[in-house]
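Add 145 to the 1-based position in the sequence shown for our numbering, that's all there is to it. Glycine included, each C-beta is placed from N, C-alpha and C at the ideal position. A quick note: this is a predicted structure, and the numbers were derived from the prediction, not measured. These notes concern the structure reproduced below.
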Amino acid sequence: MSRALPEVVFVLGAPGSGKGTQCARAVKHLGFEHLSAGDLLREERQRPGSQYAAMIEQKIRDGQIVPVEVTCALIVAAMRRATGTRFLVDGFPRNADNLTGWYTACSETTRLLFVLFFECSKEECSRRCLARGAAGSGRSDDNEESLLKRFDTYVKDTLPVVNHYDELGLVRRINADHDPDSVFEKVKAVFADAGIFSTP
Ligand code: ADP
Ligand code: C5P
Ligand code: MG
């Protein structure tokens with residue numbers, strides 16, 4: 146008997162657009178597990194003995210994208226460890242390398258439902274990231290210098306990935322320039338359209 150493939154929703158949007166915040170809500174109310182590529186990379190950076198730690202830190206600080214072999218292996222390992230079968234893969238695929246690496250490693254072993262895409266002005270995103278840094282996020286990239294580079298990478302490398310999925314009819318756009326509760330109402334509506342309903 147064949148088993149159903151794990152289902153994946155990619156979550157994309159500019160730095161600070163609210164991906165992590167909305168994913169936390171979706172975990173609670175929509176029964177998905179949250180795999181943040183950025184969080185997995187930060188964990189790997191902290192892992193004693195990691196051969197990738199220095200490279201990951203450099204890339205994060207410079208707002209550049211880590212080679213997909215590293216990121217995809219972390220995502221796949223996290224999916225294997227998980228108990229659920231529905232995943233929000235947050236902050237991935239972030240560039241063409243991420244995209245081709247995922248196709249090679251996971252396109253036949255997972256089912257992509259859609260791409261949740263948070264749209265939010267650069268000014269608001271920037272404000273949120275700087276506020277997060279000022280509040281003590283401890284992130285080495287929540288500062289003005291890194292943020293400029295992160296936005297640059299987002300426009301040059303990530304938006305083309307969104308366009309790729311748009312051509313396939315898989316992008317679900319959400320205006321994220323509102324308070325978190327209103328944004329989550331829109332998130333729930335997107336999932337409801339796909340036949341996935343929230344619990345209180
Ligand atoms: P991302 O994962 O897209 O970088 P986060 O969810 O981590 O974004 O949010 C970045 C910062 O902005 C966090 O400090 C978060 O609390 C705050 N934030 C998230 N969503 C909103 C929102 N809708 N309005 C105001 N602040 C928000
Ligand atoms: O998504 P998040 O803001 O946590 O990502 C932080 C950083 O992690 C990115 O700016 C990038 O340097 C790195 N990253 C990556 N590849 C991904 C996701 C994040 O290299 N797919
Ligand atoms: Mg995040």
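Is the beta carbon of residue i less than 8 angstroms from the beta carbon of residue j?
i      : j      : result
Asp235 : Ile210 : no
Lys208 : Lys294 : Correcting the residue type first, residue 208 is Gly in the shown sequence and not Lys. Their beta carbons are under 8 angstroms apart, which means Gly208 touches Lys294 by this criterion.
Ala339 : Leu275 : no
Cys265 : Ala171 : no
Leu261 : Ile220 : no
Ser162 : Cys270 : yes
Tyr197 : Glu189 : yes
Thr216 : Leu186 : yes
Asp286 : Arg277 : no
Tell me whether residue i is buried or exposed, calling it buried when 16 or more other Cβ atoms sit within 10 Å of its Cβ.
i      : result
Gln191 : exposed
Asp324 : exposed
Gly281 : exposed
Asp326 : exposed
Tyr248 : exposed
Arg317 : buried
Gly283 : exposed
Val300 : exposed
Measure the beta-carbon distance from residue i to residue j and round it to whole angstroms, keeping in mind my assumption that it falls under 8 angstroms.
i      : j      : result
Arg256 : Val153 : 7 angstroms
Arg239 : Thr303 : 5 angstroms
Leu180 : Met224 : 7 angstroms
Quick check: the Cα distance between residue i and residue j, rounded to an integer number of angstroms?
i      : j      : result
Asp297 : Arg273 : 17 angstroms
Arg231 : Phe155 : 11 angstroms
Leu315 : Gln203 : 32 angstroms
Ala337 : Glu330 : 10 angstroms
Glu178 : Gly229 : 7 angstroms
Leu175 : Ile341 : 7 angstroms
Thr166 : Cys251 : 26 angstroms
Leu233 : Pro151 : 11 angstroms
Phe263 : Val307 : 11 angstroms
Lys333 : Lys164 : 14 angstroms
Leu292 : Val213 : 22 angstroms
Glu253 : Ala321 : 31 angstroms
Entirely enclosed alpha helix (DSSP H) segments - the segment 279 to 304, minimum 4 residues = Complete alpha helix (DSSP H) runs here, min 4: 289 to 298.
Report the residue ranges of all alpha helix (DSSP H) runs contained in full by the segment 161 to 244; include only those spanning at least 4 residues, in chain order.
-> 164 to 175, 182 to 191, 198 to 206, 213 to 226
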